[in-house]
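Peer 1: Add 102 to the 1-based position in the sequence shown for the numbering used here, that's all there is to it. All C-beta atoms in this analysis are idealised placements derived from N, C-alpha and C, irrespective of residue type, glycine included. One structure follows; several queries about it will come next.
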Amino acid sequence: MGSAASSGFYPMNVAMAEIINKTLEDIHVTVVETGGTGDNFKGMERGDFKFGQASDGNIHMAQTGTGIYEGKLLKEPRMLIVANPLAYIAAVTEESGVTKLSELNKKKFSAGLKGSVCEILYYKALEAFEIKPEFVPASTGDAVEAMKDRRIVGFAKSTSTTVADSAIQDVATSRKVRIIGFNEEERKKFKEILPIYNFFTVKGSVYDQEEDVIVPGEHFGMSVSASLPEEAAYKIFKTLYENRDQIAATYAGTRGHDILALTSNASCWLHPGVIRYLEEIGVQLRPDQYPPEYKKK
């Protein structure tokens, strides 16, 4: 099971591994540190990993060789379980005076962790909106320090829709922070260029502000390799779903979310073992969620 140790989702990975190892006698999962989703997919292709955190949008692009995986079609990634919505949020200092995306024009801004989906999304979105910040590529830690030191006005990153992000909270210890979202026209343009993504509302109360914001996002959880046996995937999904309250006790980002509904609405191919479980309990799936290797019983 691959995850970056610095990731805010690392506790979710640990919780899932512990539940699997405690519940299933014939399956053992080890959490290893990776560079994130991209590394996880590469490991699956090599046969090194069977599990790794990922979003449904990322999996879909890998499965179809589109978007950030243009010309790099991957055979292995499949969705196992969606644990929570993932939002790509922009945070700015209040003293910058920025209250909307258009006001980032000509200001220093980090679009997200270098090479991440978040960075690519904000590059593409702001270009489509004809907004031209002075982009500052950075790691999350560097972006936090640059925002504290007033070297940038803000940064974007992936985070939960319901729990305040630790990096944004870190900045808030030194500078008052505001989160900003996409207006109706921007959302329409964004869906035209990147239709695979959804939009989520992040309550202002999560970040101690009055205004709610609407930001792009996707569904985040755990991917598995297509080569993982169907029976193993079936047992793992069943175990994680039936012990979802234990996951929520460790990782607050999953609290209040319907894992069954999120997984059954993923915008990518599901693993056949997951499909088997969902069909057994009467969940109706879309045709585009069935992978080529699925064999109808």
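Would a C-beta distance cut-off of 8 Å place residue 142 and residue 325 closer than the cut-off?
Peer 2: For this step, residue 142 is matched to residue 40 along the sequence shown. For this step, residue 325 is matched to residue 223 along the sequence shown. Result yes, Cβ atoms of residue 142 and residue 325 sit closer than 8 Å.
Peer 1: For residue 231, collect the residues of the same chain with a Cβ closer than 8 Å to its Cβ; drop the 5 residues on either side in sequence, then sort them by chain order.
Peer 2: Within the sequence shown, numbered from 1, the residue matching residue 231 stands at position 129. Same-chain partners within the cutoff: 203, 204, 288 and 291.
Peer 1: Using 8 Å as the Cβ pair cut-off and three pairs as the minimum, do the segment 111-128 and the segment 344-359 touch?
Peer 2: Flag = yes, the segment 111-128 and the segment 344-359 touch.
Peer 1: What whole-angstrom Cβ distance do residue 339 and residue 306 have, given they're in contact under 8 Å?
Peer 2: Within the sequence shown, residue 339 is the residue found at index 237, counting from 1. Within the sequence shown, residue 306 is the residue found at index 204, counting from 1. Wrong, their Cβ atoms sit about 35 Å apart, outside the cutoff.
Peer 1: Could you tell me the distance, in whole angstroms, from the CA atom of residue 234 to the CA atom of residue 228?
Peer 2: Taking the first residue of the sequence shown as position 1, residue 234 is located at position 132. Taking the first residue of the sequence shown as position 1, residue 228 is located at position 126. Residue 234 and residue 228: Cα-Cα distance of roughly 7 Å.
Peer 1: Are the Cβ atoms of residue 187 and residue 319 separated by less than 8 Å?
Peer 2: What you label residue 187 is simply residue 85 of the sequence shown in a count that begins at 1. What you label residue 319 is simply residue 217 of the sequence shown in a count that begins at 1. Yes, Cβ-Cβ distance for residue 187 and residue 319 is below 8 Å.
Peer 1: Decide if the segment 361-373 is in contact with the segment 384-395; the criterion is three or more beta carbon pairs, one per stretch, under 8 Å apart.
Peer 2: Yes, since at least three Cβ pairs between the segment 361-373 and the segment 384-395 fall closer than 8 Å, the two stretches touch.
Peer 1: Could you check how far apart the C-beta atoms of residue 280 and residue 201 are, in whole angstroms? I think they sit under 8 Å.
Peer 2: As a first step, residue 280 must be located in the sequence shown, where it is residue number 178. As a first step, residue 201 must be located in the sequence shown, where it is residue number 99. Between residue 201 and residue 280 the Cβ distance is about 7 Å, and since that is below 8 Å, they are a contact.
Peer 1: Looking at the secondary structure, which residues open and close the beta strand (DSSP E) in which residue 155 lies?
Peer 2: If you number the sequence shown from 1, residue 155 lands on position 53. 153-157 is the span of the beta strand (DSSP E), which, as asked, contains residue 155.
Peer 1: With a threshold of 7 Å on Cβ separation, who are the neighbours of residue 366 within its own chain once the five nearest residues in sequence on each side are excluded?
Peer 2: Taking the sequence shown and counting its residues from 1, the one referred to as residue 366 is at position 264. Closer than 7 Å at the Cβ level, and outside the excluded window around residue 366, lie 380, 385 and 387.
Peer 1: State the DSSP-derived secondary structure class of residue 210, mapped to helix, strand or coil.
Peer 2: Taking the sequence shown and counting its residues from 1, one reaches residue 210 at position 108. Residue 210 falls in the strand class under three-state DSSP.
Peer 1: Since residue 367 sits in a beta bridge, which residues does DSSP pair it with?
Peer 2: Taking the sequence shown and counting its residues from 1, one reaches residue 367 at position 265. Paired residue(s): none; residue 367 is not in a bridge.
Peer 1: Leaving aside the five residues before and after residue 357 along the sequence, list all residues of the same chain whose C-beta is less than 6 Å from its C-beta, in chain order.
Peer 2: On the sequence shown, residue 357 is found 255 positions in, with the first residue counted as 1. If we look at residue 357 and ignore the five residues flanking it on each side, its Cβ neighbours are 350.
Peer 1: Run through DSSP, which three-state label would residue 104 get?
Peer 2: Numbered from 1 along the sequence shown, position 2 holds the residue referred to as residue 104. Because residue 104 carries a pLDDT of 46, less than 50, the predicted location of this residue cannot be relied on, and the following value inherits that uncertainty. Residue 104 falls in the strand class under three-state DSSP.
Peer 1: Consult DSSP for residue 199 and reduce its assignment to one of helix, strand or coil.
Peer 2: Here residue 199 refers to the residue found at position 97 of the sequence shown. In this structure, residue 199 counts as coil in the three-state DSSP scheme.
Peer 1: So, helix, strand or coil for residue 116, using DSSP?
Peer 2: By 1-based counting over the sequence shown, the position of residue 116 is 14. It is helical.
Peer 1: Just how far apart, CA to CA, sit residue 104 and residue 135?
Peer 2: One-based indexing of the sequence shown puts residue 104 at position 2. One-based indexing of the sequence shown puts residue 135 at position 33. Below a pLDDT of 50, predicted positions are generally treated as unreliable, and residue 104, at 46, falls in that range; no measurement from the model is reported.
Peer 1: Which class does residue 385 belong to by DSSP, given the choice of helix, strand or coil?
Peer 2: Locating residue 385 in the sequence shown gives position 283, where the first residue counts as 1. Of the three classes helix, strand and coil, the one that applies to residue 385 here is coil, per DSSP.
Peer 1: DSSP on residue 376, reduced to helix/strand/coil?
Peer 2: Looking up residue 376 in the sequence shown gives position 274. Three-state result, residue 376: helix.
Peer 1: Mapping DSSP to helix, strand and coil, what is residue 130?
Peer 2: Locating residue 130 in the sequence shown gives position 28, counting from the first residue. Correct three-state label for residue 130: coil.
Peer 1: Where are the alpha helix (DSSP H) runs, 4 residues long or more, that stay fully inside the segment 304-366, in chain order?
Peer 2: The segment 304-366 contains these whole alpha helix (DSSP H) runs: 332-344, 346-352 and 361-366.
Peer 1: First and last residue of the beta strand (DSSP E) that includes residue 243?
Peer 2: Residue numbering aside, residue 243 sits at position 141 when the sequence shown is read from its first letter. Looking at the DSSP string, residue 243 is not in any beta strand (DSSP E); the run it does join, the alpha helix (DSSP H), is 242-250.
Peer 1: Which class does residue 285 belong to by DSSP, given the choice of helix, strand or coil?
Peer 2: Translated into positions along the sequence shown, residue 285 becomes position 183. Reduced to three states, the DSSP call for residue 285 is coil.
Peer 1: Report all residues from its chain with a CB closer than 7 Å to the CB of residue 250; omit the five preceding and five following residues, and keep chain order.
Peer 2: Position 148 of the sequence shown, counted from the first residue, corresponds to residue 250. Counting only Cβ-Cβ distances below 7 Å, and skipping sequence neighbours, we find 273, 276 and 277.
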